[in-house]
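Residue numbers (UniProt numbering): 1 to 278.
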Amino acid sequence: MEAQTLALNIVSARLLPLDQMPIVQKALEWSKRKQNRRHKKERKKELGHTQIRVTNPMATPVKVYGPPLSTAVCRVVACLLEKDVEFQLISLNMAKGDHKKPDFLKIQPFGQVPAFQDEKISLFESRAICRYVCENYPEKGNKGLFGTNPLAKASIDQWLEAEGQSFNPPSSALVFQLALAPRMNIKQDEGVIKQNEEKLAKVLDVYEKRLGESRFLAGDEFSLADLSHLPNAHYLVNATDRGEILTSRDNVGRWWGEISNRDSWKKVVDMQKQQHSP
Ligand SMILES: N[C@@H](CCC(=O)N[C@@H](CS)C(=O)NCC(=O)O)C(=O)O
């Protein structure tokens, strides 16, 4: 029973005026303290989990739906931070199936995260969202993130496609098998691990050669193509025991060291830690 209800029950039973009853005052004070504690807790949670990067949420049209632990969500978050575009990160309770509810399916029909809104438009697919952010906010933050001329854009797109088509499938399979399956009490499949290690090694051989010729994948500037690799590479290096597949290669290791030390990415990692903390 709420303290206020309890207090009012006592008053009506004894027919005494409220302000003359110390027990009532005590109960009300206790209730007020409890309410303050609850508000404080909620505010802390809100700041940590949903209002990241926002000074005035009412004035921020950009919203990203999904937890920062998701690789696809943190690809978009890294891009927004690199572009210095303010946004609200709205965490969903995926364990409770928030991402499969009708309202969410209106903006992400596949029931996956991230979903994205900017004013009245909505988008899904993390790489498409990143391209949109770069094109729609050309003057903000890192202006060259998606290139500034057709050839630079095509080179970035080429390596962005390489990430999505060649790097992502084996690396996300490895992240699932090596980092997530044990935590979810799912038996690891040694065959799948071996097959994907081999696939990823072949992809990284191409990267090794490329990164011997240029500082970053699409040229001498950090771009969306490099950024898009961060989420899976981060988990491979920091949450599995196979990070050497990246770090032991001279050029890939040097590149990984450089891209993972960008301020934007360090902020994403902080946000992931925040989500993990109680
Ligand atoms: N290609 C999509 C992948 C989205 C995706 O696979 N999201 C995962 C989390 S990283 C998800 O929502 N999984 C839950 C589900 O599929 O039900 C993108 O890049 O946005």
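We treat Cβ as the ideally placed atom computed from N, Cα and C, and that holds for glycine.
For residue i, which residues does DSSP report across the bridge?
{"i": "Asp118", "result": "Val62 and Ile121"}
{"i": "Ile90", "result": "Tyr65"}
{"i": "Phe216", "result": "Gly219"}
When the Cα atoms are used, what is the spatial distance from residue i to residue j?
{"i": "Val269", "j": "Gln165", "result": "24 Å"}
{"i": "Asn251", "j": "Phe116", "result": "34 Å"}
{"i": "Ile186", "j": "Gln108", "result": "27 Å"}
{"i": "Arg194", "j": "Ile121", "result": "Just to set this straight, residue 194 is Lys in the shown sequence, not Arg. In a straight line, the C-alpha of Lys194 is about 42 Å away from that of Ile121."}
{"i": "Arg249", "j": "Phe222", "result": "19 Å"}
{"i": "Val203", "j": "Phe167", "result": "7 Å"}
{"i": "Ala152", "j": "Asp220", "result": "11 Å"}
{"i": "Leu236", "j": "Val192", "result": "15 Å"}
{"i": "Asn238", "j": "Phe104", "result": "31 Å"}
{"i": "residue 279", "j": "Pro150", "result": "Nothing about residue 279 can be read from this structure; the chain reaches only from 1 to 278."}
{"i": "Phe216", "j": "Lys143", "result": "16 Å"}
{"i": "Gly243", "j": "Pro138", "result": "35 Å"}
{"i": "Lys273", "j": "Leu69", "result": "9 Å"}
{"i": "Leu178", "j": "Met184", "result": "11 Å"}
{"i": "Thr148", "j": "Asp189", "result": "44 Å"}
{"i": "Pro170", "j": "Ala181", "result": "15 Å"}
{"i": "His276", "j": "Leu174", "result": "21 Å"}
Starting from the C-beta of residue i, find all residues in its chain whose C-beta is less than 6 Å away, skip the five residues before and the five after it, and write them out in chain order.
{"i": "Phe87", "result": "Arg53, Val62, Val64 and Leu80"}
{"i": "Ser264", "result": "Ala78, Leu81 and Glu82"}
{"i": "Thr71", "result": "Pro231 and Asn232"}
{"i": "Ile129", "result": "Val76, Phe116 and Leu123"}
By Cβ distance, which residues of its chain are closer than 8 Å to residue i, with the 5 residues on each side in sequence left out?
{"i": "Glu119", "result": "Pro61"}
{"i": "Ala201", "result": "Ile245"}
{"i": "Leu145", "result": "Cys79, Glu82, Lys83, Cys134, Phe222, Ser223, Leu224 and Leu227"}
{"i": "Phe124", "result": "Ile107, Gln108, Pro109, Phe110, Gln112, Pro114, Ala115 and Phe116"}
{"i": "Val85", "result": "Val62, Val133, Tyr137, Lys140 and Gly141"}
{"i": "Arg254", "result": "Leu211"}
Going by DSSP in three states, residue i sits in which element: helix, strand or coil?
{"i": "Asn196", "result": "helix"}
{"i": "Arg131", "result": "helix"}
{"i": "Leu145", "result": "coil"}
{"i": "Asp189", "result": "coil"}
{"i": "Phe110", "result": "coil"}
{"i": "Asn261", "result": "coil"}
{"i": "Val85", "result": "coil"}
{"i": "Glu139", "result": "coil"}
{"i": "Thr240", "result": "coil"}
{"i": "Gly253", "result": "helix"}
{"i": "Lys101", "result": "coil"}
{"i": "Met184", "result": "coil"}
{"i": "Ser172", "result": "helix"}
Can you list, in chain order, the residues of its chain with a C-beta nearer than 7 Å to that of residue i? Leave out the 5 residues immediately preceding and following it.
{"i": "Glu163", "result": "Ala225, Ser228 and His229"}
{"i": "Val73", "result": "Val64, Gly66, Pro67, Val113 and Pro114"}
{"i": "Asp98", "result": "Leu92 and Phe104"}
{"i": "Ser126", "result": "Ala72, Arg75, Val76 and Pro114"}
Return no unless some Cβ of chain D is closer than 9 Å to the Cβ of residue i.
{"i": "Lys273", "result": "Absence of chain D from the displayed structure is noted, only one protein chain being present."}
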